[in-house]
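Below is one structure, written out as structure tokens, with a few remarks after it.
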Amino acid sequence: MMLDATQTEKPDAPFALRPYGAGDRQDLRRKGNVRVTSDAEQPDWAAQVYLVRDRQDKAAFAALFRHFAPRVKAFLMKSGASEALAEECAQDVMATLWQKAHLFDAERASVATWVFTIARNRRIDALRKSRRPEPEDLPWGPEPERDQAEALEVQQETDRLGEALAQLPVKQRALIERAYYGDLSHSEIAAETGLPLGTIKSRIRLALERLRHQMDVKAPQR
Amino acid sequence: MKIKHHLSDELLMAYAAAELPEAFSLVIASHLSMCDECRARSMAFDALGGAVMEDHAVEMSEGSLAACLDRIDTLPQANARALRRSQGIVPAPLLDYLGGSLDHVKWRPLGLGVRQAILRTSDKGASARLLYIPGGAAVPDHGHRGLELTLVLQGAFRDETDRFGPGDVEVADSSIEHTPIAEEGAACICLAATQGALRFNALLPRLAQPFFRI
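First to last, the sequence lines map onto chains A and B.
FYI, the numbering for the first sequence is 187 to 408, going by the numbering used here.
FYI, the numbering for the second sequence is 23 to 236, going by the numbering used here.
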């Protein structure tokens, strides 16, 4: 199997890269109606999750909790949960992070992305009556931490995505946020976001291709 | 498998937000199990969800960390469960709805050899069903009023718009008059989700409109 980027990136031509500088994300954040903790220097969250996974490291877990639990709580409240319910669910989400740390893979997703998917599933249980079927499990590669560089790039793309989101015009950003909060009756879903999703997609696409390739090489164990 | 017809960004974003009726999510999850390209796009929309979540915080109440630390001490280690993998032509997420395999499906005749099986889903937003169309047969007109997603699992069908083979998903709304006909040869088996209730009326027709893809 070839890992030819020009082949795998073919179908996403119209994605224009926007310029995004370091920007004034903190200022933009403060305009929200919810208090935001400032975190100038983002720690390496993936390393913290691996400490939880390998050593049941409670200090690492505490650091993850301080950062992510308030964000999960805000996400759930904006999705319509009461503060008490959001608080309870945020604790559940963090407990799930502890329990499922072995499923985290920094090559496929940042910790923020991973926590979002856990929070989203918790929200379905708590607030929605519907189920959300999940795709087939992805195969595991040969060893847990294959390539630090790949993981770093996923993290960098995710950071850039966050910066680009912060720099969108307020109205446009609100539309995207409301879609994710489940406020679709008011927010016409607008997937044409003007965000650098094409680059992060290509990165993940290559990671998937590598996984499939490794599975093929490893012999038919299905 | 060369997949030609993919999911729109709008559907993938709504799926990432977990705001679709179960039947639609089932078709999407099934397609994502067959199509790494859309899977990667879907994961990019998860990343956007993560970025949205990162932007706001509400302070946790006092003692919440201590309470959580106490709790994780009592939690059993999550068992390493077997990977959910697709079986033959049946994508992993669909297996849960079939009672084990395609052999367990209770088909009902629709006439002219065409059969269908309604799948049990938990909400009324949309209904999901399997369709079995013998080679060369046409699907009887089923007159859907809203959005309909049809994923080909086996064989192929053609309609006025194009040809749809394994892994392809057709997104149609009530404005599209189509008469799918299975290609000669092996029977065509599809998983379809059709809008049922009025709740999603405002959203779903919009999702049928094809925009660009990431």
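All residues carry an ideal CB built from backbone N, CA and C; glycine is no exception.
{"Asked": "Contact under 8 Å by Cβ, A:Leu-347 with A:Ile-386", "Found": "yes"}
{"Asked": "At least three beta-carbon pairs within less than 8 Å, the region 297-313 of chain A to the region 65-73 of chain B", "Found": "yes"}
{"Asked": "Beta strand (DSSP E) segment containing B:Val-191, residue limits", "Found": "191-194"}
{"Asked": "Contact list for B:Ser-55 against chain A, beta-carbon separation under 7 Å", "Found": "Pro-321, Glu-322"}
{"Asked": "B:Leu-8 in three-state terms, based on DSSP", "Found": "Since the displayed chain B opens at 23 and closes at 236, residue 8 of chain B lies outside it and no answer follows."}
{"Asked": "Euclidean distance between Cα positions of B:Gly-177 and A:His-399", "Found": "26 Å"}
{"Asked": "A:Thr-379 versus B:Asp-95 - alpha carbon distance", "Found": "42 Å"}
{"Asked": "Interface partners of A:Gly-380 on chain B, CB under 7 Å", "Found": "Neighbours of A:Gly-380 on chain B: none; closest Cβ ~11 Å, over 7 Å."}
{"Asked": "Start and end residues, beta strand (DSSP E) containing B:Gly-154", "Found": "Looking at the sequence provided, one finds Tyr at residue 154 of chain B rather than Gly. Taken as a continuous stretch (DSSP letters only), the beta strand (DSSP E) holding B:Tyr-154 covers 148-155."}
{"Asked": "Burial state of B:Thr-201 (16 or more Cβ within 10 Å)", "Found": "exposed"}
{"Asked": "Contact under 8 Å by Cβ, B:Cys-57 with B:His-78", "Found": "no"}
{"Asked": "B:Pro-131, DSSP secondary structure in three states", "Found": "strand"}
{"Asked": "Proximity winner among B:Cys-212, B:Lys-24, B:Leu-54, B:Lys-26, relative to B:Leu-33 (alpha-carbon distances)", "Found": "B:Leu-54"}
{"Asked": "Any C-beta of chain B under 8 Å from that of A:Pro-325", "Found": "yes"}
{"Asked": "The region 306-316 of chain A touching the region 102-111 of chain B, judged by at least three CB pairs closer than 8 Å", "Found": "no"}
{"Asked": "N-terminal and C-terminal residue of the beta strand (DSSP E) that A:Gln-234 is part of", "Found": "Looking at the DSSP string, A:Gln-234 is not in any beta strand (DSSP E); the run it does join, the alpha helix (DSSP H), is 231-241."}
{"Asked": "Beta carbon of A:Leu-283 nearer than 8 Å to that of A:Cys-275", "Found": "no"}
{"Asked": "B:Thr-172: first and last residue of the uninterrupted alpha helix (DSSP H) it sits in", "Found": "Here B:Thr-172 belongs to no alpha helix (DSSP H); instead the beta strand (DSSP E) covers 170-176."}
{"Asked": "Supposed close pair B:Tyr-2, B:Leu-141 - CB separation, criterion 8 Å", "Found": "Nothing can be reported for residue 2 of chain B: it is not among the residues displayed for chain B, which extend from 23 to 236."}
{"Asked": "Cβ of A:Glu-304 within 8 Å of any chain B Cβ", "Found": "The displayed chain sequence assigns Ile, not Glu, to residue 304 of chain A. With 8 Å as the cut-off, A:Ile-304 does not count as an interface residue toward chain B."}
{"Asked": "Paired residues, beta bridge with A:Val-301 - DSSP", "Found": "Answer by DSSP bridge pairing: none, since A:Val-301 is not bridged."}
{"Asked": "8 Å Cβ cutoff, B:Leu-120 in contact with chain A", "Found": "no"}
{"Asked": "8 Å Cβ cutoff met for B:Pro-156 and B:Ala-209", "Found": "yes"}
{"Asked": "Contacts that A:Gly-266 makes with chain B (C-beta to C-beta distance below 7 Å)", "Found": "Going along chain B, no residue has its Cβ under 7 Å from A:Gly-266, so there is no contact; the nearest lies around 12 Å."}
{"Asked": "Continuous alpha helix (DSSP H) stretch holding B:Ala-139: start and end", "Found": "Per DSSP, B:Ala-139 belongs to no alpha helix (DSSP H); it is in the beta strand (DSSP E), 136-141."}
{"Asked": "Which of helix, strand or coil DSSP assigns to B:Thr-216", "Found": "strand"}
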